[in-house]
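A.B. asks: The structure is given below, and queries will be raised subsequently.
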Amino acid sequence: MRHTLRAALLLGAALCTLAPPARANTLALATTPPIPAYSPPECAVEARWTGYKSWLKQYLIEIRLPDACPRNAGRLARIITKHGGVLPPIGYFRLGAGYPRRVTYWVLSPAYVKDREAPNVWVDTPIRGAPWVR
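Each number in the numbering used here comes from the position in the sequence shown (counting from 1) with 65 added on.
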């Protein structure tokens, strides 16, 4: 049994090295999902504090698309932290158009949300109910 497994692994490794390399543009298309192209103005992202606060002084915020936003429309959003970091680490949340229409995330105060209105145009979105927003 042990020799059969070892032989199968060696054969698999040999076949992987003999396979032709994939073209770079093929890999990019296969791994990168498309950014939502259809994003009307009524799909502006809404952010609110859910009312929950952890013992680590983190606040649970919810980012969502409004109900008026069509089902096939999508939007990108990101959270900017107190020290200028961007959450999630990939750079943005995808909302709608096949992805969830809302997302919740724990943040430290003060943090704020940015909504992508157009390519390379990020607009601040106030977090309703957050203690640090006056």
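Don't be surprised by glycine CBs; every beta carbon is placed ideally from N, CA and C.
1. In whole angstroms, give me the CA-to-CA distance for A162 and G139.
2. Taking the continuous beta strand (DSSP E) assigned at G116, which residues delimit it?
3. The beta strand (DSSP E) with W171 in it runs from where to where?
4. If you measure between the beta carbons of L142 and V110, is that distance less than 8 Å?
5. Cβ of W197 within 8 Å of Cβ of L125?
6. To the nearest angstrom, how far is the alpha carbon of N185 from that of T69?
7. What are the boundary residues of the beta strand (DSSP E) that A142 is part of?
C.D. replies: With the given structure in hand:
1. Mapped onto the sequence shown, residue 162 falls at position 97. Mapped onto the sequence shown, residue 139 falls at position 74. C-alpha separation (whole angstroms): 5 Å.
2. One-based indexing of the sequence shown puts residue 116 at position 51. Unbroken beta strand (DSSP E) run through G116: E111 to K118.
3. As a first step, residue 171 is located in the sequence shown; it is residue number 106 there, counting from the start. R167 to L173 is the span of the beta strand (DSSP E), which, as asked, contains W171.
4. Position 77 of the sequence shown, counting from 1, holds the residue named residue 142. Position 45 of the sequence shown, counting from 1, holds the residue named residue 110. In the sequence as presented, Leu is not what sits at residue 142; that position holds Ala. For A142 and V110, yes; Cβs fall inside 8 Å.
5. Here residue 197 corresponds to residue number 132 of the sequence shown, with the count starting at 1. Here residue 125 corresponds to residue number 60 of the sequence shown, with the count starting at 1. Not closer than 8 Å, so no.
6. For the purposes of this step, residue 185 is taken as residue 120 along the sequence shown, with counting starting at 1. For the purposes of this step, residue 69 is taken as residue 4 along the sequence shown, with counting starting at 1. Whole-angstrom Cα-Cα distance: 54 Å.
7. Within the sequence shown, the letter at position 77 stands for residue 142. Taken as a continuous stretch (DSSP letters only), the beta strand (DSSP E) holding A142 covers G139 to I145.
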